[in-house]
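First up is the structure itself, then whatever we jot down about it.
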Amino acid sequence: MRDPRYDILFEPMKIGPVTAKNRFYQVPHCNGGGYRDPSAAAEMRRMKSEGGWGVIFTEQTEMHHTSEITPFIELRLWDDADIPALAKMARAMHEYGALAGIQLAYSGINGPNLCTKEVPRGPSALPIRTFTNDPVQARAMDREDIRDLRRWHRNAFKRAKQAGFDLVCLYGAHGFGIIQHFLSTATNQRNDEYGGSLENRSRLMRELIEEGRDAIGDTCGLTLRLSLDEMIGELGFANSEVRDMIEMHADLPDLWDLAHGAWEDCSGPSRFKEEAAQESLVSGIKKLTSKPVVGVGRFTSPDVMVRMIKSGTLDFIGCARPSIADPFLPKKVEEGRIEDIRECIGCNICITGDMTMSISRCTQNPTFMEEWRKGWHPERMQAKGDSDSVLIVGAGPAGLEAARALGMRGYQVAIAEAGTALGGRVARESLLPGLSAWGRVRDYRQYQLSQMSNVDIYFESRLSADDILSFGIQNVAIATGSSWRRDGVARAHVVPMPIEAAMPVYTPDDLMDGKVPTGNVVLFDDDHYYMGGVLAELMARRGAKVTLVTPSAYVSDWTRNTLEQGAIHRRLAELGVDIVLNRTVANIASGGVVTACVYTGARQELTADAVVLVTSRNQDDAVWRELKARKHEWTGNGIRSIKVIGDAEAPGPIAWATYAGHRFARELDEPGIGDALPFRREVAALAAD
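The sequence shown maps to residues 611 to 1299 in the working numbering.
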């Protein structure tokens, strides 16, 4: 039964000629599938329709071949051949009553055209602005180009309508869309009727929307996505000018979709952005227009959502990452199951799918993008197989997810945890600076397990191979995690580095155990994800003089994929951390470390009182290796299967661990598939010669 205080979230809302059944609005978001995996992407959106979302959008959809963003894999609507795949997606969105929306993008100076080899076009002749700094420039569009662009938009509108979409969104946010490029004086340096004044710079926007409305008629709504503030200084399209522009064109689109700055600003991780972080930027804009306004802010709390509506800040609650973590968020609110919401932790692992051109993952929801490929439903499991009992050794993210999913299947599950608390690495890492939201990985699963009478948890239960063999439990999952190495082995050193015993050497595990070094500390980061930067911040805040050394050209290099690398560098610089790039640690001596340039080998010495090595991890798999060596004893002890999962098999990000736990639970007692692929895929058909 729905709590009446949330009734306002379920009010129907008009968007031009169409009506959304509620205020839950899944804004456009990437998924790593795009044109390569259209059925997987469509089924992912269908799941959100089943989960109760009132509006569901595609990701960025390239609307013309003269502007594409290879190597990134998004949807395409280049010509009529793309309509069937998009129509399949629209039908999937409609299945449970959601409005289907498509986001059309002409990428302008963000489109390098590496696939089509077309010369990019933009408002002014400037270098292409891409994540990879492609050495390509756009030519300035002349009036004929603008007429072409307007025609291409009209064609795309018609194709979108033919595909069955209810809403068409023009993309002018995050620096990715031609409308923003014309609006911003940083990218529009024209002196004709499309440049100069705000009225002139918004001319293209007006033309595209007015002509788009003529093209799609009175059956589709037309929305506009804009950045709330470019955050690039005086030449940027600032929040004050955004407000002037909206007031000037108050009723032009059927809905204003507002999102902060560049993608990094809009979708910053929880380490740097709180829920509703964009509230001050969007507050008051609703008063400038009679049309509805949607905004984002990693909304996971229904109470915050209600406040955004009742305060007059927003009309729709825009969600991307929260809709990935829990596609059934609206239905759970409607059914009064708030405690069952799988809250987004803001780790941005989902975004890495787009950035690495691969199928996306979610730390909280391991079924994300596996709905079609593997037939995984986020809320349902198949019935148990012909065995009855499972022992899970270790209560970290892999073990907890395995237990939750196996409990849903109906198995009798026992969790043996060596410590006194659930969560494993998640419990420890969530105590580090900025990572508290990561504790939701544990909290969600802990609550779900507490509701299952068929799951028992045993603390202070460090099991030996003899213990496990003696219990007679039919299936065993070894989820004993991993430990950080103390010998420096990772990428720069594939064998232990020379270390003199007189130098105190710490690992991330030591710091998480409370052993935080002080004085002059050198941190060597050859892991390149978040841990090195987080620990440098921890020590700096405790008063240490920290020097971070990394072989990469960037601090926390891989976090460029999670949109936080720049924020990490700024944070460390503000805290006084010395950052040494492109250098490895050659050896650790009694009085400091010797670093070497990764290109020339030139050496330098750094004095230090202590060294922290953030390099790689060892699997804590000793019990698994012993059990495997004693496989001949399994059957006689009533054991049908023993499997190692998660970090105990191979250390990786937390999302890899929850996925491993879920996969174990799904595949237990299922028929073997031999050498067949464990997922479905779509293969391009050959064109006729």
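Cβ coordinates follow ideal geometry from the N, Cα and C atoms, glycine included.
Check, Outcome
"Pair within 7 Å by beta-carbon distance, residue 860 and residue 898", "yes"
"Outcome for residue 1140 when other beta-carbon atoms lying within 10 angstroms are tallied against a minimum of 16", "buried"
"Identity of the residues DSSP links to residue 733 by a beta bridge", "DSSP output for residue 733 lists no bridge partner at all."
"DSSP state of residue 890 mapped onto helix, strand, coil", "helix"
"Three-way DSSP call (helix, strand, coil) for residue 978 in this model", "coil"
"Cα-Cα separation between residue 840 and residue 849, rounded to whole angstroms", "8 Å"
"Cross-strand partners of residue 1092 (DSSP beta bridge)", "1229"
"Residues near residue 1082 by beta carbon distance below 7 Å, same chain, minus five either side", "1247, 1248"
"CB of residue 1159 within 7 Å of CB of residue 1178, strictly", "no"
"Own chain, CB closer than 8 Å to residue 1096, minus 5 neighbours either side, in chain order", "1115, 1117, 1223"
"Closest by C-alpha distance to residue 708, when choosing among 625, 670, 809, 757", "625"
"According to DSSP, residues forming a beta bridge with residue 784", "872"
"Beta bridge counterpart(s) of residue 1206 as assigned by DSSP", "1194, 1213"
"Residue span of the beta strand (DSSP E) that contains residue 835, given as start and end", "831-837"
"Straight-line Cα distance separating residue 1132 from residue 1195", "10 Å"
"Where the beta strand (DSSP E) containing residue 1155 begins and where it ends", "1155-1159"
"Residue 914 (DSSP reduced to helix, strand or coil)", "helix"
"Straight-line gap, residue 905 to residue 1038 (C-alpha atoms, nearest Å)", "33 Å"
"Residues near residue 628 in its chain [Cβ-Cβ closer than 8 Å; skip 5 each side]", "709, 776, 777, 829, 830, 831"
"Residues bridged to residue 1271 (per DSSP)", "BP columns for residue 1271 are empty, so no partner."
"Beta-carbon proximity check, residue 650 vs residue 698, cutoff 7 Å", "no"
"Span separating the alpha-carbon of residue 1069 from that of residue 1090", "14 Å"
"Extent of the continuous alpha helix (DSSP H) to which residue 1135 belongs", "Looking at the DSSP string, residue 1135 is not in any alpha helix (DSSP H); the run it does join, the beta strand (DSSP E), is 1130-1135."
"Simplified DSSP state of residue 711, which is helix, strand or coil", "strand"
"Span separating the alpha-carbon of residue 1142 from that of residue 630", "45 Å"
"Beta-carbon proximity of residue 791 to residue 733, cut-off 7 Å", "yes"
"Whole-Å CB distance - residue 1099 paired with residue 1225, under 8 Å assumed", "6 Å"
"Completely contained alpha helix (DSSP H) runs for the segment 990-1037, where each covers 4 or more residues", "1007-1019"
"Residue 844 - partner residues in DSSP beta bridges", "For residue 844, which the question treats as bridged, DSSP gives no partner whatsoever."
"Proximal residues to residue 902 (C-beta, below 7 Å), its chain only, five neighbours per side dropped", "623, 625, 865, 925, 926"
"The segment 1059-1077 / the segment 1033-1048 touching (three or more Cβ pairs under 8 Å)", "no"
"Enclosing alpha helix (DSSP H) for residue 962 [first to last residue]", "959-965"
"Rounded C-alpha distance that separates residue 749 from residue 729", "7 Å"
"According to DSSP, residues forming a beta bridge with residue 929", "636"
"Residue range of the beta strand (DSSP E) that includes residue 670", "665-672"
"Residue from 1151, 910, 869 whose Cα sits closest to the Cα of residue 1181", "1151"
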